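**Q** In terms of my numbering, the sequence shown has 316 at position 45, counting the first letter as 1, and numbering is strictly consecutive. Dropping a structure here in structure tokens format, bear with me for questions.
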Amino acid sequence: MAFNKQNPGVMSSTKKGLDIRDKEDLEIVNKFEKELESSMNKKTELFDGREITGFELYLHNKGLFRFSPQYPTGAVVMANVEAYRDAKDKYSALQDLWYKRDLAKKREQERLQTLAI
Numbered sequence: 272m273a274f275n276k277q278n279p280g281v282m283s284s285t286k287k288g289l290d291i292r293d294k295e296d297l298e299i300v301n302k303f304e305k306e307l308e309s310s311m312n313k314k315t316e317l318f319d320g321r322e323i324t325g326f327e328l329y330l331h332n333k334g335l336f337r338f339s340p341q342y343p344t345g346a347v348v349m350a351n352v353e354a355y356r357d358a359k360d361k362y363s364a365l366q367d368l369w370y371k372r373d374l375a376k377k378r379e380q381e382r383l384q385t386l387a388i
């Protein structure tokens, strides 16, 4: 795991993405999940009526994303591109973790149903 010396807590761009099979990376993703949790439960509507995701709201609150009516998508990436990429990497790994958790739950349900028969 390589960290950026100028901005501690932000991964260096020498490493591509996070691997949830790696214990250190999994800890980072779990911390990120807790940090993101408050934003994920909110439904927010922009000035143009477009709903934004909890992750977009998180990025906006961190100053990494700004919403503007001047742009068709309504969003502009702010100056700290490395921190933005770091957040995107963490979110991507978190989505992978959520998928694997759901898959494990489904497999467990199937196993229990098989045992019940």
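Backbone N, C-alpha and C define an ideal beta-carbon position, used for all residues, glycine too. Since the structure is predicted, the reported quantities are computational estimates derived from the model, not experimental observations.
By alpha-carbon positions, which one of 365, 335, 386 and 376 ends up nearest to residue 302?
**A** For the purposes of this step, residue 302 is identified with residue 31 of the sequence shown, where counting begins at 1. When each option's Cα is compared against that of residue 302, the closest is 365.
**Q** Applying the criterion that 16 or more other CB atoms from any shown protein chain within 10 Å of the CB defines a buried residue, is residue 327 buried or exposed?
**A** Numbered from 1 along the sequence shown, position 56 holds the residue referred to as residue 327. Residue 327 should be labelled buried.
**Q** Just to confirm my understanding: we take residue 322, look at its own chain, exclude 5 residues before and 5 after, and list those with CB closer than 8 Å. What are they?
**A** Within the sequence shown, numbered from 1, the residue matching residue 322 stands at position 51. Closer than 8 Å at Cβ, skipping near neighbours: 314, 315 and 316.
**Q** Could you please give the first and the last residue of the uninterrupted alpha helix (DSSP H) stretch that includes residue 378?
**A** In the sequence shown, residue 378 corresponds to position 107, counting from 1. Counting along the chain, the alpha helix (DSSP H) containing residue 378 begins and ends at 352 to 387.
**Q** Taking C-alpha atoms, which residue in 362, 372 and 379 lies nearest to residue 213?
**A** There is no way to answer for residue 213, as the model of the chain reaches only from 272 to 388.
**Q** Distance, Cα to Cα, residue 390 vs residue 331?
**A** Since the displayed the chain opens at 272 and closes at 388, residue 390 lies outside it and no answer follows.
**Q** Which first and last residues belong to the beta strand (DSSP E) in which residue 292 is found?
**A** Taking the first residue of the sequence shown as position 1, residue 292 is located at position 21. First-last for residue 292: undefined, no H or E at that position.
**Q** With burial defined as no fewer than 16 other Cβ atoms inside 10 Å of the residue's Cβ, what is the status of residue 293: buried or exposed?
**A** Here residue 293 corresponds to residue number 22 of the sequence shown, with the count starting at 1. Answer is exposed; the Cβ neighbour count stays below 16.
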